[in-house]
Amino acid sequence: MSLDSKIIGATTNVGAEVNTSGQVSVIPETDVSTHPERVGAVRLFGENDPGVITGSAHLRSPEVSEDYRLRVGVDSVWDDDNFNYTAQNFTKHKYTSNTLTMTWAVGFLNTNGSAVTTTGTGCQLQTWRHFPLQGGGGIYFETAMALSAAPTTNWTLDFGGFLPAAASTSIPLDGIYFRINSAGVFGVINVNGTESTTSAFTGAGGAGTFTPAIGQVYKYNISVSDSAVEFWIDDVLYDTMLRPTGTGSVMYAGSVPFAIRHHHTGVAGAVIQAKFANYTIGVADMDNVRLWASNKAGQGMSGVQNPSGGAPGQTANNVNSTVPATATLSNTAAGYATLGGSFVFAAPAGAETDYALFAFLNPAPTTSLTGRNLVIRGVWIDCWNQVVAVATTPTVLQWSIGVGSTAVSLATADGAATRMPRRLALGAQTFIVGAAVGAQAPRIDGNLDAPVVVEPGTYLHIILRVPVGTATATETFRGVVGINSYWE
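Each residue of the sequence shown is one higher than the one before, counting from 30 in our numbering.
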């Protein structure tokens, strides 16, 4: 007697069919207008995490607007940095030390660079920039980090988004962060100084305490929303914390910097360093429609300062309360090796000679210096007469910008490994005979809707030509060159 079963429709007396693989053949309703009652429904979920650690799959449903549109989040990078340089970037980072020191070497920011175990010591680093939690969006704090030794007694490492206390020996004032100590790895929500922590993270299937392997770089990510915080390691969800009861948000301050804190609560059981390779801060699910230039400037990549790994401080020739040195005009040497700024030069005789008034080198990349393009969006120039009035002949100043030269000399030619500057005229300024001391020529304001780019290892030139003029040692022209630019 056969035990096979057949599925037969009660009213149609028609049987269901299967394919050669034994799968039931299903044909969705094609005439929805006539037979809406035959249309089934399936709820759509996405699996963010299979539940390797937590034991249950982490599912999220998409959201549909009142206009039947599937909402799609757009992430934006707010800040990122690779610690492949060898000294602190004062432009982006604030660093404080309580005996412990941080060092920048071999592609990492190393906490406890002095290798001490002394009690009551610490060090911390934070971004000057703060990152706000806005509306229904979120923040991602992501960093790649390895430990030089196993977590030990009387040692604590905090890293994520938080407001550091004045001294690294005190817990953060507010924020969200990972904490690692001899008891394990934890997630922390700190609301105005009151900490809530997860249990120590466990291994796969809940087995044992998760302990980072010595020397292995892990990717740590904190996903922050106004109602909950998720802690991920190497794209695996380790725990989720809801907003603490009685609080309006997961952080009191509303915005926090990215920060790192290394602290010895007693005599540490061993020397241990945390080695941070990089970090990235992103805003989640909210497209703030920022210009790319605004986005880069917000990351500390404005052309007013050098990026990480470059010379510290500003790029322009603009020293506090100091008269600029008088430039020696030359076709082959720079009057100033800065990205614009203040200038002074003695009135030259008229000639068709191009002078490299400014020649700024975009540093060539190395393993300790990330190569970045310098994008120029505009140039403005102001110039006035000094000391004596213009005599004998008028003075005409012709200005150009040059990009991409492989050498300071404006006579550099194109070759297999060399390149001449690509020039773009900016305009001219004229001082008539008798122009008094203080007479100012009309401003040159070049708005480069189509930007020019200075690649790593090449020069930006501000080029001056004086086709009409009389050499007068006592007459000088002074001015400023402003350059609207950013690094990318």
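Positions of the beta carbon are idealized from the N, C-alpha and C atoms, including for glycine.
What first and last residue would you give for the alpha helix (DSSP H) that runs through W157? Premise fails: W157 is in no alpha helix (DSSP H) and is neither H nor E.
Hey, would you say P286 sits closer than 8 Å to R158, going by beta carbons? Yes, the Cβ-Cβ distance between P286 and R158 is below 8 Å.
Quick check: what's the CA-CA separation for G364 versus N250? 48 Å
Comparing alpha-carbon positions, which option in V47, E504 and G339 lies nearest P394? G339
I need the straight-line Cα distance from T221 to T231, nearest angstrom please. Residue identity differs from the one stated: residue 221 is Asn in this sequence, not Thr. Taking the straight line from one Cα to the other gives about 28 Å.
Proximal residues to S90 (C-beta, below 6 Å), its chain only, five neighbours per side dropped: Sequence-distant partners of S90 (beyond 5 residues in either direction) whose C-beta falls short of 6 Å from its own C-beta, in its chain, are F74.
Please state the DSSP three-state secondary structure of R507. strand
Buried or exposed, going by whether 16 or more other CB atoms sit within 10 Å of the CB of N476? exposed
Which residues in the same chain as T115 place their Cβ atom closer than 7 Å to its Cβ, once the five residues preceding and following it in sequence are excluded? W133, A134 and S397
In this structure, does DSSP put E66 in helix, strand or coil? helix
Which term fits A173, buried or exposed, when burial requires 16 or more other beta carbons within 10 angstroms of its beta carbon? buried
Determine the direct distance from the alpha carbon of I262 to that of E171, and round the result to whole angstroms. 10 Å
Spatial neighbours of N360 within its chain, please: C-beta separation below 8 Å, excluding the five flanking residues on both sides. Correct list, in chain order: T382, D383, Y384, A385, S438, L439 and A440.
Spatial neighbours of Q334 within its chain, please: CB distance less than 8 Å, with the 5 preceding and 5 following residues excluded, ordered by chain position. T120, G342, Q343 and T344
Count the C-beta pairs between the segment 91-108 and the segment 322-331 that are closer than 8 Å, then say yes if the count reaches three, no if not. yes
Reference L138; option with closest CA among R272, N42, N219 and N113: Selected option, being the one with the closest Cα: N113.
Going by beta-carbon coordinates alone, are V279 and V312 separated by less than 8 Å? Cβ distance not < 8 Å, so V279 and V312 don't count as in contact.
Between which two residues does the alpha helix (DSSP H) holding H304 run? At residue 304 the sequence reads Lys, which differs from the His that was named. No alpha helix (DSSP H) holds K304; the beta strand (DSSP E) holding it covers A303 to A313.
Taking 8 Å as the cut-off, decide whether the C-beta atoms of I82 and L271 are in contact. At a Cβ-Cβ threshold of 8 Å, I82 and L271 do not count as neighbours.
Would you check if there are 3 or more beta carbon pairs closer than 8 Å linking the segment 287-300 to the segment 235-245? no
How long is the line joining the alpha carbons of A39 and G237, rounded to whole angstroms? 56 Å
Give a yes or no on whether the minimum CB-CB distance between G283 and chain C is below 8 Å. This model lacks chain C altogether, as it is built from one protein chain only.
Closest by C-alpha distance to V510, when choosing among V495, A500 and I491: I491
Residues sharing a beta bridge with S254, DSSP: BP columns for S254 are empty, so no partner.
Considering only the alpha carbon of each residue, which of Q427, T505, E484 and F460 lies closest to R448? E484
Measuring straight from C-alpha to C-alpha, what distance separates V214 and G234? Distance between V214 and G234, taken at the CA atoms: about 16 Å.
DSSP state of A322 mapped onto helix, strand, coil: helix
Within the segment 177-234, note down every full beta strand (DSSP E) run reaching 3 residues or more, in order along the chain. 184-192, 203-210, 213-220 and 223-226
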